[in-house]
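Colleague: Count along the sequence shown starting at 1, add 16, and that's the number in our numbering. Ideal Cβ placement from N, Cα and C applies to all residues, glycine included.
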Amino acid sequence: MGATIAATTGASATRLTTTGERPLADLLDRAATSHPAQADLARHELETTLAAIRTSRIGDLAWSASCLTPSRYPVEVAVTSARAELRTVVDVVAPEGDRRTAFGAVLELSAAFGAAGPPAESRRAIEEHQRGLPLRFGAWLGSRHEQTRTRHKVYVETGSAGDAWRLVDRLAPGARRVLSGLGPIRFLGLPLDGSDGVEVYVRPPELDDDVLAACLGRADLGDFADRMSAAMTGGAGRLRGRNHVVSASVLGGAVVAVAGFTFAHHRFRLDHRVRREMLARADAEQWPSRALYESVSRPLAEPRPMRRPAHTALSEVAAIGADDLEHHIGLAPPETRKPAARTSGPNGPATNRQEREGVRQ
17 MGATIAATTG
27 ASATRLTTTG
37 ERPLADLLDR
47 AATSHPAQAD
57 LARHELETTL
67 AAIRTSRIGD
77 LAWSASCLTP
87 SRYPVEVAVT
97 SARAELRTVV
107 DVVAPEGDRR
117 TAFGAVLELS
127 AAFGAAGPPA
137 ESRRAIEEHQ
147 RGLPLRFGAW
157 LGSRHEQTRT
167 RHKVYVETGS
177 AGDAWRLVDR
187 LAPGARRVLS
197 GLGPIRFLGL
207 PLDGSDGVEV
217 YVRPPELDDD
227 VLAACLGRAD
237 LGDFADRMSA
247 AMTGGAGRLR
257 GRNHVVSASV
267 LGGAVVAVAG
277 FTFAHHRFRL
287 DHRVRREMLA
297 RADAEQWPSR
307 ALYESVSRPL
317 AEPRPMRRPA
327 HTALSEVAAI
337 GADDLEHHIG
347 LAPPETRKPA
357 ARTSGPNGPA
367 TNRQEREGVR
377 Q
């Protein structure tokens with residue numbers, strides 16, 4: 017295992033961590049300066065849920081070998097405009113581990129923190145569906161850390177099997193009416209509170225204003241169409257492109273929300289631009305999570321040379337009974353050390369296009 021370091025900030029200091037875990041430890045320390053309760057809940061849980069990564073046979077490389085984030089970090093952190101909660105999604109299986117065990121591992125870990133789990137029928141259906149599938153991630157554990165409690169969710173891989181809709185029809189009646197014809201199912205999200213809720217994620221080959229409006233209209237959320245399109249483009253004209261995901265959340269057989277997702281770097285290119293735009297929106301809309309996002313994203317304030325982005329997806333959620341959209345921001349814990357400046361190259365000092373783009377405001 018790589019060299020160890022100690023994070024010693026504050027009374028709730030993180031225990032010894034691997035070098036690869038340092039960005040996460042630093043992020044939690046920053047989050048604790050504005051929202052200590054949420055940071056402590058996340059820290060306590062991650063001590064357990066990252067055990068497989070910490071003990072991986074490939075050592076510190078396990079912290080850059082996950083398909084969860086663009087930087088390949090095995091933890092994603094997110095905030096929502098609606099509440100001051102710190103969200104985490106964790107890859108609970110080591111890179112060399114068997115992905116067929118991930119779903120069971122997520123349920124076991126979440127149960128240790130008091131989660132009720134999915135209904136027994138849902139668990140059986142998912143286990144039957146995944147049996148024999150070639151899986152990339154199997155399942156991830158999602159946690160929503162509020163001030164006094166944590167809620168859990170499992171993200172389940174559906175693979176490329178042709179019977180994914182059969183699974184969805186079994187678990188989430190009503191989703192087909194909203195999402196049918198949009199594109200392949202990517203994965204499912206199930207809250208682990210004992211309810212029958214399911215979120216179905218699809219990735220259209222191409223998404224535009226008309227397709228999104230039709231999807232929202234089928235869910236009786238058509239009034240949100242213009243606002244969601246504008247949010248997903250950052251106000252830069254009409255929505256049209258391939259790099260989007262749409263989801264429908266079903267509860268009790270009825271669709272209760274529709275979300276649209278854009279990869280952050282496709283909307284605003286570089287991380288410091290993403291951060292600037294999201295903080296401006298948080299200020300304008302007075303998000304309760306504004307200070308939390310500012311702290312976890314702080315290392316991204318300055319422009320850096322182009323590389324794998326830290327921000328993941330920006331999502332916009334339209335829910336039945338809501339007055340406006342809810343915004344979510346995801347990111348991998350950013351590295352706190354700045355990369356060494358490049359002094360020479362094939363085109364001379366700092367003259368290649370990638371470096372110019374990396375510092376352009």
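Taking all protein chains shown into account, do 16 or more other C-beta atoms lie within 10 angstroms of the C-beta of Ala132, making it buried, or fewer, making it exposed?
Modeller: Position 116 of the sequence shown holds residue 132. Answer is exposed; the Cβ neighbour count stays below 16.
Colleague: Excluding the five sequence neighbours on either side, which residues of its own chain have a C-beta within less than 7 Å of the C-beta of Phe240, listed in chain order?
Modeller: The count along the sequence shown starts at 1 and reaches residue 240 at position 224. These residues qualify, in order along the chain: Leu232, Ala334, Leu341.
Colleague: Count the other C-beta atoms from every protein chain shown that fall within 10 angstroms of the C-beta of Ala47, then say buried if there are 16 or more, exposed otherwise.
Modeller: The residue you call residue 47 lines up with position 31 of the sequence shown. So Ala47 counts as buried.
Colleague: Is Asp340 helix, strand or coil by DSSP?
Modeller: Counted from its first residue, the sequence shown places residue 340 at position 324. Asp340: coil per DSSP, three-state reduction.
Colleague: Helix, strand or coil for Ala155 per DSSP?
Modeller: As a first step, residue 155 is located in the sequence shown; it is residue number 139 there, counting from the start. In the structure shown, Ala155 sits in a strand (DSSP, three-state: E or B).
Colleague: How is the beta strand (DSSP E) around Leu102 delimited, first residue to last?
Modeller: In the sequence shown, residue 102 corresponds to position 86, counting from 1. Here the beta strand (DSSP E) through Leu102 covers 102 to 106.
Colleague: Run through DSSP, which three-state label would Ser263 get?
Modeller: In the sequence shown, counting from the first residue as 1, residue 263 sits at position 247. It is a strand residue.
Colleague: Taking one C-beta from the stretch 143 to 163 and one from the stretch 97 to 113 each time, how about it: are there three or more such pairs within less than 8 Å?
Modeller: Touching, yes, given that three or more Cβ pairs across the two stretches are closer than 8 Å.
Colleague: So the candidates are Glu310, Met294, Ala307; which of them puts its Cα closest to the Cα of Leu330?
Modeller: As a working note, residue 330 is residue 314 in the sequence shown. For the residues Glu310, Met294, Ala307, the minimum Cα distance to Leu330 belongs to Met294.
Colleague: Mapping the DSSP letters down to three states, classify Glu162 as helix, strand or coil.
Modeller: Position 146 of the sequence shown, counting from 1, holds the residue named residue 162. Correct three-state label for Glu162: coil.
Colleague: Output the distance between the C-alpha atoms of Arg372 and Arg289, rounded to the nearest integer angstrom.
Modeller: In the sequence shown, the residue the question calls residue 372 occupies position 356. In the sequence shown, the residue the question calls residue 289 occupies position 273. Only weak support exists for where Arg372 lies, its pLDDT of 36 falling under 50; the coordinates are left without a value.
Colleague: Between the stretch 217 to 234 and the stretch 261 to 272, can you find at least three pairs of beta-carbon atoms closer than 8 Å?
Modeller: Judged by Cβ distances under 8 Å, the stretch 261 to 272 makes contact with the stretch 217 to 234, as three or more pairs qualify.
Colleague: Under 8 Å between the Cβ atoms of Leu204 and Gly213?
Modeller: As a first step, residue 204 must be located in the sequence shown, where it is residue number 188. As a first step, residue 213 must be located in the sequence shown, where it is residue number 197. No, the Cβ-Cβ distance between Leu204 and Gly213 is not below 8 Å.
Colleague: Could you name the residues of the same chain whose beta carbon sits closer than 7 Å to that of Gly250, not counting the 5 residues immediately before and after it, in chain order?
Modeller: For the purposes of this step, residue 250 is identified with residue 234 of the sequence shown, where counting begins at 1. The residues are Arg283, Phe284, Glu293.
Colleague: Starting from the Cα of Lys169, find the closest Cα among Pro200, Gln163, Leu123, Asp179 and give me that residue.
Modeller: Working through the sequence shown from its first residue, we reach residue 169 at position 153. It is Leu123.
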